[in-house]
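Report on one structure; see the data block that follows.
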Amino acid sequence: PTVAAQIMQLARALPPLCRAAVADPVAAPHPRALLDDFLARAVDALIREVPYTPALGTTTPGGSWLRALVSDDLVVTLKGPEADELFSSWQTWAGYGQVAGDDVFRVTLRLDPPEHDGDSWRLSYLLQATADPSLLVPAPLIWREKGATFNYLDRRFEQPQERLLMALGYAGRLFPPIDASLHQSAPDHAVLTTEDAFTFLKEAAPLLGQSGFGVLLPSSFTGRGARLQARGHVRARSSQPNERSRLGLDTLVSFNWELTLGGESLDRAEFERLVALKSPLVQVRGQWVLLDPEQLQQAWAFFEKRDGELELGDALRLTLGGDGAVAPDGIEVERVEAEGWLRDLLRDLTDTQQLQLLTPPARLHAELRPYQVRGYSWMAFLRQYGLGACLADDMGLGKTIQTITLLLYEREQLESTTPTLLVCPTSVIGNWLRELQRFAPSLRVMAHRGPDRRHGAAFAEAVDEHDVVLTSYPLLVRDRGEISERAWGTVVLDEAQNIKNAGAKQAQAARALRAANRVALTGTPVENRLGDLWSIMAFLNPGYLGTEAAFRRELARPIERTSDPAARERLRRLTTPFVLRRLKTDRSIISDLPEKQEMKEYCTLTPEQATLYQAVVDEALGEIEEAESAGNAIARRGQVLAMLMKLKQVCNHPAQFLHDGSTVAGRSGKLRRLQEMLEEVYAGDDRALIFTQFAEMGTLLQRHLQQTFYDDILFLHGGTPAKERDTMVRRFQARGGPRVFLLSLKAGGTGLNLTAANYVFHFDRWWNPAVENQATDRAFRIGQTRNVQVHTFICGGTLEEHIDELIESKRALAESVLGADEGWLTELNTAQLRDLVALRQADVVEE
């Protein structure tokens, strides 16, 4: 589109908020006027940033004006005649902005090649209807018209001769052969030499197009015709990929190139004949080809090294990249043809329906859903070729179980003995430990964390004795030397968005890891964040997307600035084979999911929480023992309930327990995990309910989440008036309403219909399944059209985990025996209480 069209498009898209600078809507500026004012001021400011050039310091009116444009001097002092001359010149120049045409028609230039060798090129002049570009009026018809109006095929052209001549006068300043044609009384074309035609194609045509002129070129020069290109032939040096041969992106494959023209092979003798013509425009096999000196030089170098070896990563990039891929020496790639297992690899990379589904390992203590079998098989397929895989399934679809299945597959089917390193956020190390123990108890798992973690030789020995080593991103940076020093069989990055900043220490430490195989897990759509995508791909398949600077120049900038469809398509082709993302809403997935998924999220205590927790336990147990010794059952019961309440507050957040209005961020393992999961909620088209039994905690969460996500977080509690309560429910249920609704368990646990939510988070526990299920049913009820995920937060190694285990062990009797609250816990004896509230230090974050 022309600049004028782009400005109109932007004006139509201008948000009303940008015009809300006045109280009266009638007085709001028109979008186009506001945009014109902004552009004028922005351009003026940018021009004044240009360094002062002495050549602009002339004493002519024009020189004074130019000097004022690039300096802080906003005034040009001129005498009357000088000012009139400058203003007249400016009017003439500014008028050229519309000289090529208007909303009715525009002047168009058509380049026609010669019919026979040695003949001249012809640049014909036409008028083109703006509304119907296929309607072209040749200049001879215009000159034969005697009146001021010209009618052609129901189209009316006003003053066509004057406007054609004015436009050609302006075009002649950009391309001299046009100016030479104006010496005729009725110019209808310009005669061009081959050199003139080359200049027009390379220099004048783009400038004229930017000035509003239509430019019609032969198909050979519009991207659809004959071009010098390279066609590659790639084959593996071995007949079959061997699992133990450690294939990877740096695996060498044999290749040879051939030069093509319009899809036809071009041998060296034919190419030398083209060069001998010494013309930038040559006719080959009936088609005109534009050859600039740089391309000829590249082609000469190309012929010197047509055969040799190529790394597998380069072969994949050239093959998958499609249009825009470039062969060695800068020749555009037409296509790459593969042979043998490389052909099979490329076929399976681009068509996952061809993927061979694997049988889950025998020692997996779980039954995989069909889409999970496909995900595990896909990761194993890429592993076979040493290629990194990014599993980017929606939250709740089982990235953890699919990864555990892969790790068991490596041990069972592939007989791998090299340990796996799994890096994850501190908040989910406990989850991984429990899930590995639950689904793959045969794997020996070690958590590298805490102040007592091993170092040096002790670390190396411990790693060799385990199958899986868990650690966190902070420790990956802190212990980078010894972790990156050894070679790992597989490295898995969970919540891989933690390395989205390529220059950050975490990302650098991840890329420094030595591993035969790499896996990244993320629940966020990486394809929408190009910087994140490059960083994750640089970890998975180093060098595949080129350097960060080249990636930004060739792909990211064209996509982000102009939504370049070619660049977007090329990026999609390059990355899709290595990123598997399934959504809960996919038809192939939703039918395979239960209507309600219930999951436990094990969180870690921060050191501050652990200190407060232990202090509460020590003090409370002493008081309980004293009351028991005194035979005061009522006092003992009250002290037990008070202890449980305090410990639940500590597990939630220190600020809730201390009631001191202190800062919230970075002090709670539960809050950290909630933020991580809400990021995925906000990344998709999802809504969430968060239940807490504490109004104070709800207030802390509301304030913190609003500051974190810049969103309106609703909070319904016992003190919410009925009218306001109804308004909150309507807002949340409405399309485009708030994404997160906080509710106190008692006030929001019954009587509400909140089916807009498809996520439910229980931030703290009521310790009665019936009460928690009632709250969950605010979302999971009649009218719910989506699957609902329920996440219950549990602080590992604390009374929350111990009580949860106790409830699970008596699940069948829980609702009838345990009662409506935690009063049943007061019936435990002191020894049982001590075991119940004991803190397991291994679950405390010490980093």
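When we follow the numbering used here, the leftmost residue of the sequence shown carries the number 5, and every step to the right adds one.
Glycine residues also receive a C-beta, built at the ideal position from the N, C-alpha and C atoms.
Note that the coordinates shown come from a computational prediction; the quantities given were computed from them, not determined experimentally.
Taking 9 Å as the cut-off, the beta carbon of Asn762 is found no closer than this to the beta carbon of Gln778. Gln643: member of the alpha helix (DSSP H) spanning 637 to 656, first to last residue.
By the 16-neighbour rule on beta-carbons within 10 angstroms, Val195 is exposed. Between Asp498 and Val432, the CB-CB gap stays under 9 Å. In the structure shown, Asp116 falls within a strand segment according to DSSP collapsed to helix, strand and coil. Distance from the CA of Gly151 to the CA of Pro144, rounded to the nearest whole angstrom, comes to 15 Å. In the three-state reduction of the DSSP assignment, Thr579 falls in the helix class. Secondary structure note for Phe259: its beta strand (DSSP E) is the uninterrupted segment 256 to 265. By the 16-neighbour rule on beta-carbons within 10 angstroms, Lys588 is buried. For His708, the enclosing alpha helix (DSSP H) covers residues 699 to 713.
In the structure shown, Val103 falls within a coil segment according to DSSP collapsed to helix, strand and coil. Apart from the 5 residues on each side of it in sequence, Arg448 sits with its Cβ closer than 8 Å to the Cβ of Glu469, His470, Asp471, Val472 in its chain, given in chain order. The beta carbon of Arg52 sits closer than 8 Å to those of Leu73, Val74, Ser75, Asp76, all from its chain and outside the five residues before and after it, given in chain order. In the three-state reduction of the DSSP assignment, Phe784 falls in the coil class, being assigned neither a helical nor a strand state.
The region 101 to 121 makes no contact with the region 258 to 270: fewer than 3 CB pairs, one atom from each, lie closer than 8 Å.
Where Ser539 is concerned, the enclosing alpha helix (DSSP H) starts and stops at 534 to 544. The shortest CA-to-CA distance from Glu684 to any of Asp397, Leu130, Lys727, Val238 is the one to Asp397. Contact between Arg23 and Pro35 holds, since their C-beta atoms are separated by about 7 Å, short of 8 Å.
In this structure, the straight-line span from the alpha carbon of Tyr686 to that of Glu605 is close to 19 Å. Taking the C-beta atoms as reference points, Cys394 is found no nearer than 9 Å to Leu559.
Runs of the beta strand (DSSP E) lying entirely within the region 379 to 441, each at least 3 residues long, are 393 to 395, 424 to 428 in chain order. Excluding its 5 nearest sequence neighbours in each direction, Val792 has C-beta neighbours in its own chain below 8 Å: Glu599, Lys600, Gln601, Ala761, Asn762, Tyr763, Val764, Thr780, Ala783, Phe784, listed in chain order.
The three-state secondary structure of Pro478, taken from DSSP, is helix.
Annotated three-state conformation of Val472 is strand, per DSSP.
Only residues of its own chain outside the window of five on either side were considered, and among them Val141 have a CB closer than 6 Å to the CB of Tyr156, listed in chain order. Annotation for Ser185: the continuous alpha helix (DSSP H) segment containing it runs 180 to 185. Residue pairing by DSSP places Leu140 opposite Gln132 in a beta bridge.
Excluding its 5 nearest sequence neighbours in each direction, Gln618 has C-beta neighbours in its own chain below 7 Å: Leu843, listed in chain order. Taking Gln710 as the centre and dropping the five residues before and after it, the same chain places the C-beta of Asp716, Ile717 closer than 8 Å to its C-beta, in chain order. Trp382 is positioned such that its CB atom lies closer than 9 Å to that of Leu584. Taken in chain order, the whole alpha helix (DSSP H) runs of length 4 or more contained in the region 143 to 167 are 143 to 148. Per DSSP, the continuous alpha helix (DSSP H) segment holding Tyr617 begins and ends at 611 to 633.
Of Leu78, Glu268, Leu749, the smallest CA-CA separation from Ala49 is found for Leu78.
Under the DSSP assignment, Glu605 falls in the beta strand (DSSP E) whose first and last residues are 600 to 607. Three or more beta-carbon pairs separated by less than 8 Å are not found between the region 618 to 632 and the region 731 to 747, which leaves the two stretches without contact.
No Cβ-Cβ contact shorter than 9 Å links Gln737 with Thr712.
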